[in-house]
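Participant: Chains as they are written, first to last, in our numbering: chain E, 174 to 379; chain G, 761 to 944. One structure coming up, written as C-alpha cells, with questions to follow.
Structure (C-alpha cells):
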C-alpha cells in the first residue's frame with residue numbers, strides 16, 4: 174500500500190458509434206488516476222525531490238499500469254498510452270514532473286505493459302474538478318500518426334490544494350476512422366506539389 | 761426508431777482514505793456506468809405520449825449499463841447501495857430524461873440484477889456538455905439505512921451534446937466510510 178494514496182479512480186469508455194457510423198468491435202479507452210497527498214506540501218522550496226519522488230514513481234507506475242491493462246483486458250490489448258499529473262494549488266508543477274518524468278515511472282509502466290515507447294505527458298496545476306488531459310501515442314512506435322490521441326478524466330473532488338493526481342491512460346487501438354495518412358505520404362504529396370511549382374509547405378506561396 | 765448508443769462511460773473509484781484515516785480492511789468502492797444515448801424525442805417538438813419509445817428504449821439502455829455495473833463491482837452481493845440518474849443535453853426536455861429512467865421498465869432491470877427491493881433515488885436534469893452528473897444512492901433493501909445514503913458523481917467531457925442524454929446507474933460496496941451519524 175502507498176501511504177500517500179487517497180483513492181484510485183478508473184474510467185473506462187467504450188465508444189461504439191461516432192461520425193454517424195458504427196465502430197467495428199468498439200474502441201476502448203481506460204484512464205486510471207491515483208490521488209495522493211503531495212509529500213512536499215507546506216515544506217517551502219525543496220531542492221532535492223528524489224527521495225520522495227522515486228519510490229512513488231515506481232509504485233504508482235506499477236499500480237496505474239495494472240489498472241489500465243486490467244481495464245483493457247490484458248497487456249496485448251494496450252495499443253496506445255500516455256500519462257499526466259496535476260498538482261493542487263498549494264504545490265509546484267515541478268512536484269508533478271518529479272513523479273512522472275523519471276525512468277522509475279516509465280519503466281514501472283513498461284514492465285507491466287511490455288511496451289517500448291516513451292510516454293507523452295502533461296503537467297499542470299489546477300483546482301479540483303478540472304479536466305486532466307493525457308496525450309497518447311503508440312505503445313512501441315511514437316511516429317505512428319493514427320495513434321496520436323488524447324484521454325480526458327475529471328475527478329470532481331481532486332486535486333485538493335495538498336494533493337497530486339497522477340494518471341495513466343491506454344487505448345485498445347488507433348483513433349476510430351483515422352484517415353490522415355502518414356509522414357511518407359505527406360512528403361510524397363509535398364514533393365509533387367513543389368515539382369509542380371506550388372509549394373504550400375510554409376502556408377505561403379513560394 | 762431504436763436506441764442509439766454512442767458510448768458507455770464507466771467510472772470506478774477505490775477509496776483508501778477519508779477524513780485523514782485509512783479505510784480498512786478494504787477500500788470503499790463506488791462505480792457509475794453511464795450510456796451516452798441519442799435522445800429519441802430530439803427534434804420532435806412536444807410529444808404527448810412518451811410511452812411507445814419508453815417501452816423500446818428504457819429497457820434497452822438498462823440492459824447496456826446494469827450488467828456492466830454488476831461486472832465492475834463484482835456481482836450483486838458486492839452492491840449494497842444503488843441509484844440512477846439522467847442528464848439531458850440542451851435539446852432535451854427534463855421529461856425526456858425522466859422518461860428513460862423513471863419507469864419500472866428501467867428500474868426493474870437494476871432491481872432484479874442487483875437483488876434490490878426498494879425504490880431508487882435519482883436525479884433528472886438538463887445540463888451542458890461536461891456537466892456533473894450526480895447519482896444519489898440508498899440502501900438496496902432498506903432506505904432507512906442512513907449510512908448508505910451516498911453520492912457518486914461523474915463528468916463526461918464530451919457529453920451530453922444537444923441531441924443526447926446521459927443515462928446512468930451507480931452502486932457502492934457499503935456505507936460511507938466512518939459513518940457515524942446518530943440521532944433520529
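The C-beta atom is built at its ideal place from N, Cα and C for all residues, glycine as well.
Can residue 217(E) and residue 281(E) be called in contact, C-beta distance under 8 Å?
Facilitator: No; because the gap between Cβ atoms is not below 8 Å, this pair is not in contact.
Participant: Measuring straight from C-alpha to C-alpha, what distance separates residue 265(E) and residue 331(E)?
Facilitator: Their Cα atoms are separated by approximately 16 Å.
Participant: Against residue 771(G), what residues of chain E qualify as contacts under a CB-to-CB distance less than 7 Å, listed in chain order?
Facilitator: Those within 7 Å of residue 771(G) in chain E are 182, 184.
Participant: Counting only Cβ-Cβ distances shorter than 7 Å, please list the residues of the region 894-919 of chain G near chain E, keeping chain order.
Facilitator: If the cut-off is 7 Å between Cβ atoms, the region 894-919 of chain G has 913, 915, 917 near chain E.
Participant: Runs of 4 residues minimum, wholly inside the region 209-261 of chain E: which ones carry the alpha helix (DSSP H) assignment?
Facilitator: Whole alpha helix (DSSP H) segments, 4+ residues: 223-245.
Participant: Can you give me the Cβ contacts of residue 831(G) inside the same chain, cut-off strictly under 7 Å, excluding the 5 residues immediately before and after it?
Facilitator: Excluding positions up to five away in sequence, the list is empty.
Participant: Skipping 5 residues on each side, what residues in its chain have a beta carbon closer than 6 Å to that of residue 857(G)?
Facilitator: Taken in chain order, the residues that qualify are 846, 848, 884, 925.
Participant: If you follow the alpha helix (DSSP H) that residue 963(G) is part of, which residue opens it and which one closes it?
Facilitator: This structure gives no information on residue 963(G), because the portion of chain G shown stretches from 761 to 944.
Participant: Mind pulling the beta strand (DSSP E) runs of 3 or more residues that sit fully within the region 856-936 of chain G?
Facilitator: Here the runs fully enclosed are 882-886, 892-899, 910-915, 924-932.
Participant: Let me know if residue 186(E) comes out buried or exposed under the rule of 16 or more other beta-carbons within 10 Å of its beta-carbon.
Facilitator: Buried is the call here.
Participant: Which residues in the same chain as residue 318(E) place their Cβ atom closer than 8 Å to its Cβ, once the five residues preceding and following it in sequence are excluded?
Facilitator: Excluding positions up to five away in sequence, the list reads 351, 353, 354, 355, 356.
Participant: Using the Cβ count rule (16 or more neighbours within 10 Å means buried), how would you classify residue 827(G)?
Facilitator: Counting Cβ neighbours within 10 Å, residue 827(G) comes out exposed, since fewer than 16 surround it.
Participant: Going along chain G in order, which residues have a C-beta closer than 9 Å to the C-beta of residue 251(E)?
Facilitator: The contacting residues do not exist; residue 251(E) stays about 17 Å from chain G at best.
Participant: Could you tell me the alpha carbon to alpha carbon distance between residue 253(E) and residue 338(E), rounded to whole angstroms?
Facilitator: So the alpha carbons of these two residues sit roughly 21 Å apart.
Participant: Between residue 776(G) and chain E, is any beta-carbon pair separated by less than 8 Å?
Facilitator: Taking Cβ atoms only, chain E reaches closer than 8 Å to residue 776(G), which makes this a yes.
Participant: What are the residues that DSSP puts in a beta bridge with residue 778(G)?
Facilitator: According to DSSP, residue 778(G) bridges with 781(G).
Participant: Checking 8 Å against the spacing of the C-beta atoms, do residue 881(G) and residue 897(G) come in under that value?
Facilitator: Cβ distance < 8 Å, so residue 881(G) and residue 897(G) count as in contact.
Participant: Return the CA-CA distance between residue 199(E) and residue 805(G), expressed in angstroms with no decimal places.
Facilitator: Approximately 32 Å, taken between the alpha carbons.
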